[in-house]
Each structure stands twice: as structure tokens, then as C-alpha cells.
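Numbering (my numbering), first residue to last: -11 to 61. We treat Cβ as the ideally placed atom computed from N, Cα and C, and that holds for glycine. The structure appears below as C-alpha cells.
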Amino acid sequence: MSEPEHRTKPVASGSFFRTIKMVAWSLLGIRKNSELEKDAAQVSPIHIIVVGVVTIIILVVGLIVLVNVVVAK
């Protein structure tokens, strides 16, 4: 008897814009569970991590600049 073949489903690559949109909505906390499941099937976890880290860095730097501008006046 031959062993059954294990077929894995290829991961579809999502667009860069979709990844940014997904991270932005997640940061705001307004995502539907159905959208989360669709995105999880289409976007690579590495892309999510990279976009998330870059987004947080931009947010923190933006807040620091805003505080420095307000305090300087």
C-alpha cells in the first residue's frame, strides 16, 4: 500500500495595500471576524509583522514630533 499524499494548500499572497489596511484596522480595533479569517488566509505573517512594526515606529515618531512642536511654542 502506498502512503497517502499530504497536499498543502498554497498560501495566496495578498497585496501590500491589503496588508497595510489590515494592520491599520487592527490598530484601531475595528475588524470583523470574517475579514480577519479572509486576511489570515491571504497575507503572509512576515508581511504583517513588518508592516506592524513600521507602522508603530511611524506612530511613535509622529507623536514625539507632535509633542516637541507643542512644547516648543
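query	result
Is it the case that the Cβ atoms of Trp13 and Arg6 are separated by a distance below 8 Å?	no
On the three-state DSSP scale, how would you describe Ile18?	coil
Measuring straight from C-alpha to C-alpha, what distance separates Val38 and Ala29?	17 Å
Can the beta-carbon of Val58 be found less than 8 Å from the beta-carbon of Gly40?	no
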